[in-house]
Ligand code: AMP
Ligand code: GLY
């Protein structure tokens, strides 16, 4: 079977690397991929919104199954496009992708189906929003409705910050905006919870916790994720049952009532407070770096899982996991998530120790004249499986130090809550 993987991050390299171990897979094409996927697959540089051109590749290379990593093409309807052509594609369709593409769509479902989430208000103009902000309690959270590459969320400590958020969102910073969302600020600890669905049934797909802030001690700006560990330290059978009954099942019931089919990964960003789950947001894809963290623990053939979803036979397959803990530390370019230099050579790859339990997934890398260069904010993902998180972290840090990339920055405290507890 030939596979096409859409995306270029660490998540897509982790998917590519896992599928590369499957005996069912013949060739893998990564669209556009990175220097890591280039080692094990064929990278093809096509713009992700050019579905016609991707289809030419599908026909030319006899691609049997497409797998979509990032949210933008899903929200843009890539799944509908290829399903209409009779091409197998793993991921939710455009209607289902509203769960990530419109925060207001999700909030309305939460309201109607009693899914625990932060209290909220929807505002469609600046004056109404600002009037509300005068009598509101702080901190509160203001969000742009649509996709904003992780940047459309403002945690506002006071009214001045809130005014700025409203101005920026209605000012068009995240594209044309009809509505914004004002939310109660939730306290507790965050957890990433994943399920996979074939449209008829779903199965859980492990848990993780990621560290979003750029500096140690969870300080500094929010990033796409500086590292993660799996399983989450918060998960237990009772909490798992609550998440399924109070959040996941009502969400699938709501989609069914709307006659929307959901096929693909569903990622619930949760806040856990006193053992109770609250939905912060949905993503219609795997997390990054959670995917890199979770997939190395998978003992079931990933190609079988994707195919069973596309064939609506997920109930016929058991998803099995290794018992070891997994940690991922992200090596990013100094300055990320703000300004950083690109095209800097990364040397000493040959010195790092990699095997089945010590992995390195590329993200923002590219190859020029056989040299590997950085070309993004998050550059490499080091993942280690171990009996305990501290050992995993120590092994990763040793490897990153062997790489000795002067332009790199990483957090040495990933998993501190689970290690120091
Ligand atoms: P989102 O893009 O909605 O996941 O938001 C990004 C991050 O903002 C989340 O991972 C949380 O850390 C934080 N956040 C979003 N909404 C809330 C909320 N209502 N209360 C507290 N923190 C929030
Ligand atoms: N790790 C957060 C995300 O993938 O959105």
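Residue numbers (this note's numbering): 3 to 423. Even glycine gets a Cβ: it sits at the ideal position worked out from N, Cα and C. Predicted, not measured: the structure shown is a model, and the values here were computed from it.
Ignore the nearest five residues each way along the sequence and tell me which others in residue i's own chain have a CB closer than 6 Å to its CB.
| i | result |
| --- | --- |
| residue 280 | 118, 119, 188 and 273 |
| residue 204 | 197 |
| residue 374 | 37, 348 and 367 |
| residue 58 | none |
| residue 16 | 293, 294, 297 and 363 |
Using the beta-carbon count (16 or more within 10 Å), is residue i buried or exposed?
| i | result |
| --- | --- |
| residue 368 | buried |
| residue 209 | buried |
| residue 200 | buried |
| residue 302 | exposed |
| residue 12 | buried |
| residue 137 | exposed |
| residue 183 | buried |
| residue 305 | buried |
| residue 269 | buried |
| residue 133 | exposed |
| residue 145 | buried |
| residue 109 | buried |
| residue 353 | exposed |
| residue 277 | exposed |
| residue 52 | exposed |
| residue 47 | exposed |
| residue 90 | buried |
Between which residues of its own chain and residue i is the CB-CB distance below 7 Å, once the five residues before and five after are set aside?
| i | result |
| --- | --- |
| residue 18 | 7, 30, 32, 39, 42 and 43 |
| residue 220 | 213 |
| residue 98 | 257, 262, 263, 264 and 286 |
| residue 298 | 328, 361, 385 and 387 |
| residue 112 | 119 and 281 |
| residue 379 | 334, 335, 338, 339, 342 and 366 |
Determine which residues share a DSSP beta bridge with residue i and list them.
| i | result |
| --- | --- |
| residue 375 | 347 and 368 |
| residue 382 | 333 and 364 |
| residue 32 | 7 and 45 |
| residue 323 | 300 |
| residue 216 | The partner list for residue 216 (beta bridge, DSSP) is empty, contrary to what the question assumes. |
| residue 490 | Beyond the ends of the chain as shown, which are 3 and 423, falls residue 490; an answer cannot be given. |
| residue 410 | 335 |
Spatial neighbours of residue i within its chain, please: C-beta separation below 8 Å, excluding the five flanking residues on both sides.
| i | result |
| --- | --- |
| residue 202 | 314, 316 and 317 |
| residue 389 | 326 and 327 |
(message) Restricting to runs no shorter than 4 residues, where is the alpha helix (DSSP H) found entirely within the stretch 59-139?
(response) Given a length threshold of 4 residues, each whole run of the alpha helix (DSSP H) inside the stretch 59-139 is given here in chain order: 73-77, 80-86, 100-103, 105-114 and 128-136.
(message) Is it the case that the stretch 251-264 contacts the stretch 222-235, given that we only count it when at least three CB pairs across the two stretches are under 8 Å?
(response) With a cut-off of 8 Å, the stretch 251-264 and the stretch 222-235 do not count as touching, because too few Cβ pairs lie within range.
(request) Determine, using beta-carbon pairs with one atom in the stretch 337-349 and one in the stretch 296-315, whether at least three such pairs fall under 8 Å. (result) Under the Cβ criterion (8 Å, minimum of three pairs), the stretch 337-349 does not count as touching the stretch 296-315.
(request) Taking 8 Å as the threshold, find out whether the stretch 387-403 comes into contact with the stretch 413-421 through three or more Cβ pairs. (result) As far as the Cβ criterion goes, the stretch 387-403 touches the stretch 413-421, which means the pair count is three or higher.
(request) Say whether the stretch 60-79 touches the stretch 98-111, bearing in mind that this needs 3 or more beta-carbon pairs closer than 8 Å, one atom from each stretch. (result) Flag = yes, the stretch 60-79 and the stretch 98-111 touch.
(message) Below 8 Å, how does it come out for the stretch 82-99 and the stretch 285-296: are there three or more Cβ pairs, yes or no?
(response) Per the Cβ contact rule, the stretch 82-99 is in contact with the stretch 285-296 (3 or more Cβ pairs under 8 Å).
(request) Give, in chain order, every unbroken run of the alpha helix (DSSP H) that is at least 4 residues long and sits entirely within the stretch 133-193. (result) Counting only runs of 4+ residues, the alpha helix (DSSP H) found wholly inside the stretch 133-193 occupies 161-172, in chain order.
(request) Pick out the complete alpha helix (DSSP H) segments inside the stretch 203-273, 4 residues or longer, and give them in chain order. (result) DSSP runs (the alpha helix (DSSP H)) wholly in the stretch 203-273: 239-245 and 251-259.
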